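**Student:**
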Amino acid sequence: MTDAQERTARDLLSEALQAEGHTIGGEAWLGSGCFVLTVQVAGPAQLWISDADARLDYPPAEHTGWTAFYHSHGLDTEEDAPEVYRSTDTDCAADTANLVRVVNAYVAAATA
Numbered sequence: 008m009t010d011a012q013e014r015t016a017r018d019l020l021s022e023a024l025q026a027e028g029h030t031i032g033g034e035a036w037l038g039s040g041c042f043v044l045t046v047q048v049a050g051p052a053q054l055w056i057s058d059a060d061a062r063l064d065y066p067p068a069e070h071t072g073w074t075a076f077y078h079s080h081g082l083d084t085e086e087d088a089p090e091v092y093r094s095t096d097t098d099c100a101a102d103t104a105n106l107v108r109v110v111n112a113y114v115a116a117a118t119a
C-alpha cells in the first residue's frame, strides 16, 4: 500500500485547513462512532466538520460529502447549531477545496 492509499479524508482536510492557517482540533464521542474536526473561529466559537455520518477516517475514494456547523460555544453541544456547509460531492479533493473556501470566508467574516 502506498502513502497515498493510506491517507484518509481527515488527512486531506486537516492539511488543507492548516495550509490556510486555521487552528484545528478534533472531538470524538466514545462508543458512538461520531467524530468531528474542529476549526477555531473566534473566542470559544468553532466550526465542526465531518461527513453526513460523522466520520472522518475513511479512504478519500469513499467520500460522500462534508458538512460543517457553527458552534458559538465551542464544544458545548447546541441542538440548533447553524449549518455552514453541506455537500454530497464524492470527489474528496474538490469537496475539500470548496469547504476550505467556505471556512476561509466564514472565519474572515466572523473575525472582521
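Per my numbering, residue 8 is the first one in the sequence shown, and the count goes up by one each step.
The beta-carbon is built from N, C-alpha and C at its ideal position, and this holds for glycine as well.
Small disclaimer: the values here were computed from a predicted structure and weren't measured.
Please report the residue range of the alpha helix (DSSP H) in which Y77 lies.
**Tutor:** Note, Y77: premise wrong, no alpha helix (DSSP H); beta strand (DSSP E) at W73 to H78.
**Student:** Using DSSP with H/G/I as helix, E/B as strand and the rest coil, what is V114?
**Tutor:** Under the three-state reduction of DSSP, V114 is assigned to helix.
**Student:** Under 9 Å, do V107 and L54 count as touching if we go by C-beta distance?
**Tutor:** No.
**Student:** If we count the other Cβ atoms within 10 Å of its Cβ and call it buried at 16 or more, is R93 buried or exposed?
**Tutor:** exposed
**Student:** Just the C-alpha distance for A119 and D98, rounded to the nearest angstrom, thanks.
**Tutor:** 32 Å
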